[in-house]
Amino acid sequence: MWALVINPVSGQGKGATVGTYVAGWLSQRKIAYTIITGNSSVALTDHLSGFIEKNSDCIGVIAVGGDGLLHIILQRLVPAQIPFAMIPAGTGNDFVRTLGWDLELIDSQLEAIISTEPTAIDLGLVDGEWFGAILSTGFDSIVNEKANTMKWPKGTMKYNAAIAIELPRFKPRHYEITLDDRSISTEAMLIAVSNGRSYGGGMLVSPNASITDGLFDVMVLHPVSTLEFIKVFPRVFAGSHITHPAVEIVRSRMVKIDSRAVAYSDGERVGQLPITAECIHSAARSWVA
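Going by full-length UniProt numbering, 165 is the number at position 165 of the sequence shown; the sequence numbering is gapless.
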């Protein structure tokens with residue numbers, strides 16, 4: 001028995017549409033599944049927890065949604081060691097990108113899920129919570145904080161509007177960063193602790209990060225002028241920003257960060273620093289392209 005977990009409000013309703021399609025795809029092939037959903041994250045979590053308790057023979061979870069749904073299911077599936085797949089239906093879908101899947105080729109992804117074995121992948125663990133792609137603090141977290149208070153515009157445009165509001169008044173923060181083999185005391189505009197390669201809907205903040213090497217790629221953006229930031233920012237979509245002299249990338253299994261700032265992981269608020277994150281090698285199993 002498979003669990004089909006659907007977040008119906010992902011991607012402004014795309015979750016419901018894609019979820020219906022996936023259910024039909026499974027039914028046509030006579031693959032047994034149970035739909036798990038909810039009208040809130042709390043309800044969905046409760047329903048998933050109940051399913052896991054009653055179905056010890058669960059083959060795996062097919063989750064239809066975005067990185068917010070990923071955050072929910074990881075907290076339940078990793079302890080239970082149930083493999084999972086993410087079908088893209090959110091705004092960002094960065095964990096699906098991390099796994100290497102084409103966001104448009106859902107049929108090919110479903111065929112692989114049903115016919116092949118899952119692969120062991122690394123996950124991040126920050127103060128007791130699992131994350132799949134990126135843990136970050138700095139300018140992007142401030143943008144997230146602002147966007148979460150805005151009722152308009154919707155979707156990715158909300159984050160663009162938040163960037164326009166926050167960038168002119170943003171000032172770098174001082175950070176204390178502790179790694180496996182060194183400590184860094186520095187001013188920075190942004191720090192991304194990367195298990196995956198992208199966040200924010202395809203921004204390749206750490207293009208060389210791997211989900212199978214047991215290490216984070218820690219990207220530190222040292223202070224630049226607002227004009228220089230505007231010039232460099234578009235390069236993040238190609239990952240070419242890493243050659244800029246203000247960008248430093250180090251690798252570490254453990255990372256501790258302290259500052260007067262907040263952190264987000266996979267788009268979800270972690271809270272105020274300090275935080276401690278660890279890359280857990282082969283923490284879960286998923287289907288990789």
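From the three backbone atoms N, C-alpha and C, an ideal C-beta is built for every residue, glycine too.
All values reported here derive from a predicted model rather than from experimental measurement.
Legend entry - M219, DSSP secondary structure in three states: Correct three-state label for M219: strand.
Inset, instruction - Flag this pair as yes or no: are the beta carbons of L99 and A289 separated by less than 9 angstroms? - result: yes
Legend entry - Selected residue, minimal CA-CA separation from N55, among L69, G66, I82, G65: The shortest C-alpha separation from N55 is found at I82.
Legend entry - Per DSSP, cross-strand counterpart(s) of R251: D217
Inset, instruction - Pull up the distance between the alpha-carbon of A32 and that of V18, whole angstroms please. - result: Rounded to the nearest angstrom, the gap between the Cα atoms of A32 and V18 is 18 angstroms.
Legend entry - Other residues of its chain near A192: CB distance less than 7 angstroms, five sequence neighbours each side excluded: I134, S136, V205, S206, M219
Legend entry - Test item: CB-CB of P118 and S286 under 9 angstroms: yes
Legend entry - T247 and H281 closer than 9 angstroms at C-beta: Here the sequence assigns Val to residue 247, which means Thr is not the residue at that position. V247 places its beta carbon 9 angstroms or farther from that of H281.
Inset, instruction - State the beta-bridge partners of L110 as determined by DSSP. - result: Answer by DSSP bridge pairing: none, since L110 is not bridged.
Inset, instruction - Kindly indicate which three-state DSSP category L135 falls into: helix, strand or coil? - result: It is a strand residue.
Inset, instruction - Have a look at A147 and W25 and give me their C-alpha separation to the nearest angstrom. - result: A147 and W25 have their C-alpha atoms spaced approximately 36 angstroms apart.
Legend entry - Start and end residues, alpha helix (DSSP H) containing P79: 67 to 80
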